[in-house]
Every structure is written in structure tokens, then in C-alpha cells.
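So the sequence shown is residues 1 to 427, counted in the working numbering.
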Amino acid sequence: MPASIVVGTQWGDEGKGKATDALGDRVDYVVKFNGGNNAGHTIVVGGEKYALHLLPAGVLSPGVVPVIGNGVVVDLGVLFEEIDAIEARGIDTSRLVVSANAHVITAYHTTIDKVGERFLGNAKIGTTGRGIGPAYADKMSRLGVRVQDLFDEKILRQKVEGALELKNQLLVKAYNRKAIAVDAVIDELLTHVDRLRPMVADTSLLLAKALDEGKVVLLEGGQATMLDVDHGTYPFVTSSNPTAGGACIGSGIPPNRMDRVVAVVKAYTTRVGEGPFPTELLDADGQRLRDNGGEYGTTTGRPRRCGWYDAVIARYTARINGVTDFVMTKLDVLTGFEKLPVCVGYRIGDTVHTEMPMTQTEFHHATPVYEELPGWDDDISKARSLSDLPDNARRYVETVEAMTSVPISVIGVGPGREESIVVRSLV
Ligand code: GDP
Ligand code: IMO
Ligand code: MG
Numbered sequence: 001m002p003a004s005i006v007v008g009t010q011w012g013d014e015g016k017g018k019a020t021d022a023l024g025d026r027v028d029y030v031v032k033f034n035g036g037n038n039a040g041h042t043i044v045v046g047g048e049k050y051a052l053h054l055l056p057a058g059v060l061s062p063g064v065v066p067v068i069g070n071g072v073v074v075d076l077g078v079l080f081e082e083i084d085a086i087e088a089r090g091i092d093t094s095r096l097v098v099s100a101n102a103h104v105i106t107a108y109h110t111t112i113d114k115v116g117e118r119f120l121g122n123a124k125i126g127t128t129g130r131g132i133g134p135a136y137a138d139k140m141s142r143l144g145v146r147v148q149d150l151f152d153e154k155i156l157r158q159k160v161e162g163a164l165e166l167k168n169q170l171l172v173k174a175y176n177r178k179a180i181a182v183d184a185v186i187d188e189l190l191t192h193v194d195r196l197r198p199m200v201a202d203t204s205l206l207l208a209k210a211l212d213e214g215k216v217v218l219l220e221g222g223q224a225t226m227l228d229v230d231h232g233t234y235p236f237v238t239s240s241n242p243t244a245g246g247a248c249i250g251s252g253i254p255p256n257r258m259d260r261v262v263a264v265v266k267a268y269t270t271r272v273g274e275g276p277f278p279t280e281l282l283d284a285d286g287q288r289l290r291d292n293g294g295e296y297g298t299t300t301g302r303p304r305r306c307g308w309y310d311a312v313i314a315r316y317t318a319r320i321n322g323v324t325d326f327v328m329t330k331l332d333v334l335t336g337f338e339k340l341p342v343c344v345g346y347r348i349g350d351t352v353h354t355e356m357p358m359t360q361t362e363f364h365h366a367t368p369v370y371e372e373l374p375g376w377d378d379d380i381s382k383a384r385s386l387s388d389l390p391d392n393a394r395r396y397v398e399t400v401e402a403m404t405s406v407p408i409s410v411i412g413v414g415p416g417r418e419e420s421i422v423v424r425s426l427v
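Set out below in C-alpha cells:
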């Protein structure tokens, strides 16, 4: 069987967790391939709310094997806290598999993330402060600690010593902070070893065998296309590749085994942290979207910046990821707006761009060109087929669908697992 990929389209929090969870009864493996506990996925099942950070969304489905792939950066303390919290609510996490090649987030990564942001002042990125950027930086600098290193104490000590030699200089001399002791880091990491050992595997081999046996594998992206370190709004991005190409790298599944690429897109746009956002609304409409959509971060609780739907970004995402299907979430949040502007281009200087501009400088100066669509007032949360939607809601979906030429296969009308219109099955 081929594998399918779920990616975010905008700046995160599109509802990827819900979209992945909803496929739980049709997939065998759900693989997280990038990011770490910067992600926050809220999933509502039978009125119960679950907030997942490191665990793949598939963990809530009894038959699914959740996999943390090699592309993820893992804070082991957070992982075990999350496992304990979810087990206490009756969810079985015993099938979880963690890649031996995944990198580990240590105390010095979270410290440097937070101190570094403070040091940047107005130029800060607005990170989640979870140590994500510093951990990926160490991976690329070949200074990282991998899950497998915890099983060889001599190697672990060598690596932590090597990393801290440089970082303590930075902490003490540049940031005016206390040095971090090698032993403290090692002792903390070693407390997790016994619990971690049975979960660890060569996950690329495991997944290759699963695919050979005809199992259904779903790759779940954290973050989103506009936060991709290569294809997003650099430097206001995360430090991984949440795009479809990243799914191959972060899982070890090659491109020719991938089939569908499902992109989750909100019916409007949100962003957390700093960086450009052309359709952002700083007025009452923005606040109304925030209130109606409950737009407060699952991870940091920060209010999300809100704005209208951006078709330029949707088209860009479709191209970068090779999207085969869109899942449009939160259509219900638009209920009650009289007019719904949709961004169809950017005015930059005297020119209107209908593709993402080449440079960030241009993107920072982009003002949206809107096409206005009529709104609707009827509650749509009970709609389960397109024909249940009011005419203007259907027209909204069909109009934005035509703008990307990629089918919208699922439409979200509420946070619950069942609150969706499935036009075309995703797996
Ligand atoms: P993720 O990070 O992409 O998984 O998204 P988050 O979980 O951070 O944010 C999406 C929020 O929207 C969550 O609170 C979901 O419960 C909620 N949600 C998802 N789909 C829908 C939908 O169709 N309608 C409404 N009203 N809420 C939704
Ligand atoms: P999910 O998976 C929304 C944002 C942060 C910050 C930037 C860099 O829930 O969609 P980082 O801590 O990754 O170095 O922060 O990226 N960010 C997210 N925004 N949803 C997320 O994940 C995010 N993960 C990171 O707010 O602007
Ligand atoms: Mg989220």
C-alpha cells in the first residue's frame, strides 16, 4: 500500500490533528515526521478534549500504531508526561514506537531558545520556547544527541560534553547566564532510559515492512507550509520541513511510496508568533474570528492573529506539496459574517502578484486584493453533506476550490470527530 501525507497549509493550527484522528479507523500507522512539542493538536472525541504535542494524533484510535519518526526532536520529559496524562484518561499508548535516529531536546536547548529570543528583542521570532530551533541547529551542526545515544553512556557523555563546551561559553559570555553542568544533563536523560528502551526501533525499516504487507501508513506533519524553514516566511518560521518533501526525510519512506497529499486549510487564516501576514485583521472582524474560532494556542495559550482566507497561499501550498486533496476546516466559524473577503492577489508597489512574491521584502509589503463573497447566517454544524449547506456556504467552498484547482474533499463544520462533510474519502 502507498503512504499518505497530511500537511498544514498556512501558519499552523489548521486542524491537522482532527483531520488525522478522523482517519484513525482506516489507517494502521500514523507517523509524526517533523517538529516536536512546539505542535499542539486539539482533538475532540465524544465531547472529550485531548491536547497532543509529541504523540501522533493516531494514538487516540485503538488499532493504530503511532510512530515518532527520525525527523522529530523529542523532549523525553515532555513525552513521558504526555503519555502519563493520556494513559490516566484511559488511552492505551503501549503501541508507540520511537525512532532511534530522532534527536533529543535537552535542558540546554530550551534554555538557549528562551534566552536567545530575549536577546533578539524586537527582532524575535516568537518561538514556542520549547528548544526546537537549537535542537535542529545542533542536528545540522553534527552536535546533536540522538535517542540511540542514550543506550551508550560513554558516547552520550562525549556528545553532551562536546555540545556544552561551546554552549556554556555562549550562555556565560554572551547571555550572562549560568553554565549548565554536563552531569545534570546526562543524569536527567538517563532517568528515561529504562522506560524508553522498549519503544525504540529502526522505524524506517518497520514502516517499509508495513507498506510491503499492505498496511496503510499516514504521515502527520506538525506546523505548516508557511512555517517551513525552506519554503515559509523565513526567518519567521520553525526549524524543520513540515512540507510533503519533509515527510520522506523525516520518516525514511521514499517519495515513490507516497500517494495522496492531504493539505489542511482553515476557511480563514491564523498565525501565532511574529512575521508577515497580509490578510491579518486588527479590527473587530479579527476579534470576532478569534472569539468564534477559539483561536488561542494549544501549546502556549497565546491569542492567535486572525485574518481572511488567502488563496495565493493555498495555491502556493498546493504547488509546493503536490496537494491531491484539501480538508477545509472551521467553515462554521464564518457563519454570521455578512461579507467574506478572499485574498486573490497581493498589491506590492504598482504591481498585483497572483503568486507568492520572490522576496520576503516584497511579501512584507504585500497588501491583499480581495474578492468579496456573500456570507450566511444559518448554523451549519449539523451539515453532513454539501446539500445540507446554505447556498452561500457552498458557494464559498466551491469558489475557493476553483482558485486552487484541487478538490476540497472534506469540510469541517465543528471540532468534534464527526463534525465534517466528507465529499471524497481520503484513504
Ligand atoms: P492543528 O495544530 O493543526 O492540529 O490544529 P489545533 O488543534 O492547534 O487548532 C485547531 C482548533 O480548531 C482545535 O481547537 C480544533 O478542535 C478546532 N477545529 C478543528 N476543526 C474544526 C472545525 O471544523 N470547526 C471548528 N469550529 N473547530 C475545529
Ligand atoms: P501545530 O503543529 C502554530 C510557530 C511559533 C513561532 C515559529 C517558530 O500546532 O500547527 P518554534 O518554537 O517552532 O521554533 O517557533 O513557529 N509555531 C507554530 N505556530 N502552530 C504550530 O504547530 C507551531 N509550531 C511552531 O509560534 O512563530
Ligand atoms: Mg496546533
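The beta carbon of each residue, even a glycine, is placed where N, CA and C say it ideally should be. These numbers were taken from a predicted model, which means no experiment stands behind them.
Asked, Found
"Apart from the five residues just before and just after Leu206, which ones in its own chain have a Cβ nearer than 7 Å to its Cβ?", "Val97"
"Which residue marks the beginning of the alpha helix (DSSP H) containing Met403, and which one marks its end?", "Asp391 to Thr404"
"Should the region 72-79 be called in touch with the region 122-129, which here means at least 3 C-beta pairs below 8 Å?", "no"
"Quick check on the burial criterion: 16 or more other C-beta atoms within 10 angstroms. Buried or exposed for Met358?", "exposed"
"If you reduce the DSSP assignment to three classes, tell me which class Pro255 lands in.", "helix"
"Going straight from the alpha carbon of Glu153 to that of Gln169, what length do you get?", "24 Å"
"Beta-carbon within less than 6 Å of Asn37's beta-carbon, same chain only, minus the 5 sequence neighbours each way: which residues are those?", "His53, Leu54, Asp75, Val78 and Arg130"
"Scan the region 11-68 and note each continuous alpha helix (DSSP H) run of 4 residues or more that stays entirely inside, going in chain order.", "16-22"
"Less than 8 Å between C-beta atoms, sequence neighbours within five positions excluded: which residues of the same chain meet that for Ala311?", "Val342, Cys343, Val344, Val400, Met403 and Thr404"
"Can you tell me the Cα-Cα spacing of Trp308 and Leu334, whole angstroms?", "10 Å"
"Tell me whether Met140 is buried or exposed, calling it buried when 16 or more other Cβ atoms sit within 10 Å of its Cβ.", "exposed"
"May I ask you to check if the CB of Thr20 is nearer than 7 Å to at least one heavy atom of the ligand MG?", "no"
"Going by the beta-carbon positions, is the gap between Ala244 and Asn321 smaller than 8 Å?", "yes"
"Which residue's Cα is closest to the Cα of Gly275: Gly214, Ala51 and Ala366?", "Ala366"
"Between the Cα of Arg395 and the Cα atoms of Gly162, Ala267, Glu295 and Gln10, which residue gives the shortest distance?", "Ala267"
"Measure the beta-carbon distance from Arg89 to Pro66 and round it to whole angstroms, keeping in mind my assumption that it falls under 8 Å.", "That pair is no contact at about 16 Å."
"From Leu331, Ser381 and Gly221, pick the residue whose C-alpha is nearest to that of Ser4; which is it?", "Gly221"
"Taking the alpha-carbon of Thr279 as reference, which of Ser240, Ile253, Phe363 and Asp388 has the nearest alpha-carbon?", "Phe363"
"On the three-state DSSP scale, how would you describe Lys330?", "coil"
"Assign Gly438 to one of three DSSP states: helix, strand, or coil.", "Because the chain here runs from 1 to 427, residue 438 falls outside it and cannot be looked at."
"Verify the contact flag: Phe277, CB atom, against every heavy atom of the ligand IMO, threshold strictly below 7 Å.", "no"
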